[in-house]
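J.:
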Amino acid sequence: MAEKQYSILVVDDELSMRELLEYMLEKKGYRVICAANGKEALSKVKKEHYDLLLCDIRLGDMTGLEVLKASKKINPHVTVIMISAFATTETAVEAMNQGAFDYVPKPFENKELLQTIANALERKTLEKEKHALDNELKESVHFGKIVGNSPRMLHIYEMIRQVARTRSSVLITGESGTGKELIAKAIHEQSDRADEPFVTINCGGIPETLLESEFFGHRKGSFTGASTDKQGLMEIAHKGTLFLDEVAELSVPMQVKLLRAVQERVFRPVGGTRDMSVDIRIISATNKKLEDEVIAGNFREDLFYRLNVIEIKLPPLRERKGDLLPLAQHFLEKYSQELGKQVTKFSSYAIDLLKKYDFPGNIRELENLIERSVALSNTNILLPDSLAMSIHKKRWIEGIRNRRFDLDEVSRGVSLDTILEEIERAYIEKAMECTDGNKNKAADLLGLSLRSFRYRIDKLNPN
Ligand SMILES: Nc1ncnc2c1ncn2[C@@H]1O[C@H](COP(=O)(O)OP(=O)(O)OP(=O)(O)O)[C@@H](O)[C@H]1O
Ligand SMILES: [Mg+2]
Numbered sequence: 001m002a003e004k005q006y007s008i009l010v011v012d013d014e015l016s017m018r019e020l021l022e023y024m025l026e027k028k029g030y031r032v033i034c035a036a037n038g039k040e041a042l043s044k045v046k047k048e049h050y051d052l053l054l055c056d057i058r059l060g061d062m063t064g065l066e067v068l069k070a071s072k073k074i075n076p077h078v079t080v081i082m083i084s085a086f087a088t089t090e091t092a093v094e095a096m097n098q099g100a101f102d103y104v105p106k107p108f109e110n111k112e113l114l115q116t117i118a119n120a121l122e123r124k125t126l127e128k129e130k131h132a133l134d135n136e137l138k139e140s141v142h143f144g145k146i147v148g149n150s151p152r153m154l155h156i157y158e159m160i161r162q163v164a165r166t167r168s169s170v171l172i173t174g175e176s177g178t179g180k181e182l183i184a185k186a187i188h189e190q191s192d193r194a195d196e197p198f199v200t201i202n203c204g205g206i207p208e209t210l211l212e213s214e215f216f217g218h219r220k221g222s223f224t225g226a227s228t229d230k231q232g233l234m235e236i237a238h239k240g241t242l243f244l245d246e247v248a249e250l251s252v253p254m255q256v257k258l259l260r261a262v263q264e265r266v267f268r269p270v271g272g273t274r275d276m277s278v279d280i281r282i283i284s285a286t287n288k289k290l291e292d293e294v295i296a297g298n299f300r301e302d303l304f305y306r307l308n309v310i311e312i313k314l315p316p317l318r319e320r321k322g323d324l325l326p327l328a329q330h331f332l333e334k335y336s337q338e339l340g341k342q343v344t345k346f347s348s349y350a351i352d353l354l355k356k357y358d359f360p361g362n363i364r365e366l367e368n369l370i371e372r373s374v375a376l377s378n379t380n381i382l383l384p385d386s387l388a389m390s391i392h393k394k395r396w397i398e399g400i401r402n403r404r405f406d407l408d409e410v411s412r413g414v415s416l417d418t419i420l421e422e423i424e425r426a427y428i429e430k431a432m433e434c435t436d437g438n439k440n441k442a443a444d445l446l447g448l449s450l451r452s453f454r455y456r457i458d459k460l461n462p463n
């Protein structure tokens, strides 16, 4: 792949100067276009995008400052460097105020001018990168404690708002770790029951024999060990919300008992003689397909319809990749604070690694991953290695580090591009690791100019 070629428009009324600059810049690999006066320059700027304008201050028809102003109007992002033999400090200052990147007096040292140009282009790339990242991160909309503003999540926030106003039963479905419990709590918190209890029953985690008493409570002496009266969770949730987590795990006999309570909000404590009635909102959650459980005869249809008045389906993280970085940043801040660390951001390689992974364990997996990585990290930038320690990608990176050049492979066919890219990536990552993510130092370690180093990073991280 050829290095991205920057294009530079040279504006000077003196032919010898244009020729000199053209020769010098082309030798450095830039694409150079020349204009002999202001009018020609502006008509070129209108037609084509240039990364940089190198503009003399005294031109035949206009002043360099006029060209600067006019071209900024056409393209506010164009970078302009002014050159002049005649400029006073005032003109130089004015040029900078008008948005020129720098001002170089004539006669100039070739090296110095080239350095100024390289700096200007470097800054441009930096700004672009920063802008792209800012855009991704600033979008992190919170809905209470919920992070994410992918269209799928915005739709879910809307549903939460709507159902919060009602007392309807809600069934939340979604793969493990997609945030079902978080959504259940959000519904409660948005509702007018917010100040009343939110009570969770983990239907899969309580032994069958205790479940009935757990739900409905019991009277003293109703069974061995029932030495006092005990309030059931249904009663405790009175006026609030009862959250039936992993509802598919309920046994069929327990489903029968629950049906009446769900239907009429009336139940009888174990060993009791009188019914109790409560005012509760019921939210259930499952990572199973409850319809399939109904068909298979594992879940009662009547209870299913009672619980599933409104269904909220949570998409897996891989189907809303737009939420990945905001979530990752959220957890980075959370665990950085909790663990007393100062890890503030991800290296671009770490981001790359996250983007490539599809998180079968969804947000919980992402959260655990970041927590472990923050704990392992001893730099303020989270580098891919501490992430890779936790993801199976570790093997991938190690594979490259320990790579043997197996030339026999060649006879079976290889992709040289991929191999070279992997090696390049491994070296760059190692250099970043050695320098705590300092690109200047990392470039030095690899004997590269900063610009060439950045270029390689860009190439490996196409956005
Ligand atoms: N959108 C989100 N924003 C911030 N944190 C989230 C989000 N979704 C989930 N989490 C966090 O991820 C973790 C897992 O979420 P939760 O326990 O709600 O998932 P779940 O669907 O109930 O998982 P399981 O099926 O395994 O019980 C929790 O720590 C939760 O706070
Ligand atoms: Mg859960």
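Using UniProt numbering, you'd call the opening residue of the sequence shown number 1 and step up by one each time.
Beta carbons are placed, not taken as given, at the ideal position from N, Cα and C, and that holds for glycine.
For H188, which three-state DSSP category applies?
T.: Residue state, collapsed to three classes: helix.
J.: What would DSSP say about C203, mapped onto helix, strand or coil?
T.: If DSSP states are grouped into helix, strand and coil, C203 belongs with coil.
J.: Among the residues of its own chain, which have a CB less than 6 angstroms from the CB of K441, if the five just before and after it don't count?
T.: Contacts found: T435.
J.: How far does the alpha helix (DSSP H) with Y157 in it extend, from its first residue to its last?
T.: Segment 151-164, the alpha helix (DSSP H) holding Y157.
J.: By Cβ distance below 6 angstroms, which residues in the same chain neighbour L59 in space, the five residues on each side in sequence not counted?
T.: For L59, where only same-chain residues beyond five positions count, the Cβ hits under 6 angstroms are D13, N37, G38.
J.: Using the DSSP secondary-structure output, state which residues sit across from G38 in a beta bridge.
T.: G38 is not bridged to any residue.
J.: Where does L244 sit, in a helix, a strand or coil, going by DSSP?
T.: If DSSP states are grouped into helix, strand and coil, L244 belongs with the strands.
J.: Whole angstroms are fine: how far does the CA of K46 sit from the CA of L68?
T.: Going by the C-alpha atoms only, they are around 13 angstroms apart.
J.: By alpha-carbon positions, which one of E249, T209, P197, T228 ends up nearest to E235?
T.: Of the candidates E249, T209, P197, T228, the one whose C-alpha sits nearest the C-alpha of E235 is P197.
J.: Look at G271 and S222 and say whether their C-beta atoms are less than 9 angstroms apart.
T.: Contact: yes.
J.: Go to I102, then tell me how far its alpha helix (DSSP H) extends in each direction, as first and last residue.
T.: One detail in the question is off: residue 102 reads as Asp in this sequence, not Ile. Unbroken run through D102 is the beta strand (DSSP E), 102-105; no alpha helix (DSSP H).
J.: Using C-beta distances below 8 angstroms, list every residue in its chain close to R265, excluding the 5 sequence neighbours before and after it, in chain order.
T.: Excluding residues within five positions, the ones whose Cβ falls inside 8 angstroms are S277, V278, D279, I280.
J.: Should the region 167-177 be regarded as contacting the region 323-341, the criterion being three or more beta carbon pairs within less than 8 angstroms?
T.: Contact between the region 167-177 and the region 323-341 is absent, because fewer than three Cβ pairs lie under 8 angstroms.
J.: Under a Cβ-count criterion, where at least 16 other Cβ atoms within 10 Å of its own Cβ denotes burial, should H188 be classed as buried or exposed?
T.: Flag for H188 reads buried.
J.: What number of angstroms, rounded off, separates the C-alpha of K257 from the C-alpha of R268?
T.: If I take the Cα positions, the gap works out to 10 angstroms.
J.: Tell me whether M153 counts as near ligand 1, meaning its Cβ is closer than 8 angstroms to at least one heavy atom of that ligand.
T.: Yes, since a heavy atom of ligand 1 falls inside the 8 angstroms radius drawn around the Cβ of M153.
J.: Buried or exposed for Y305, please, with buried defined as at least 16 other CB atoms from any protein chain shown within 10 angstroms of its CB.
T.: Burial call: exposed.
J.: Please find out if some non-hydrogen atom of ligand 1 comes closer than 8 angstroms to the beta-carbon of R281.
T.: Flag unset: Cβ of R281 not near ligand 1.
J.: Following the continuous alpha helix (DSSP H) through E311, name the residue where it begins and the one where it ends.
T.: From DSSP, E311 is part of no alpha helix (DSSP H) but of the beta strand (DSSP E) over 310-313.
J.: Take the Cβ of A350 as the centre, count every other Cβ of all protein chains shown within 10 Å, and call the residue buried at 16 or more, exposed below.
T.: Burial call: buried.
J.: With respect to the alpha helix (DSSP H) encompassing V374, which residues constitute its N-terminal and C-terminal limits?
T.: Where V374 is concerned, the enclosing alpha helix (DSSP H) stretches over 362-376.
J.: Pick from L332, L242, H77: whose alpha carbon is nearest that of I201?
T.: Answer by Cα proximity: L242.
J.: Using 9 angstroms as the threshold, is the C-beta distance between L52 and A95 below it?
T.: No; because the gap between Cβ atoms is not below 9 angstroms, this pair is not in contact.
J.: Which one or two residues does DSSP pair with R31 in a beta bridge?
T.: Answer by DSSP bridge pairing, in chain order: S7.
J.: Whole angstroms are fine: how far does the CA of I370 sit from the CA of L114?
T.: Taking the straight line joining both Cα atoms gives about 42 angstroms.
J.: Using 9 angstroms as the threshold, is the C-beta distance between residue 482 and M153 below it?
T.: The structure shown does not extend to residue 482, since the chain is modelled only from 1 to 463, so the question has no answer here.
J.: Please state whether DSSP places H330 in a helix, a strand or coil.
T.: Helix.
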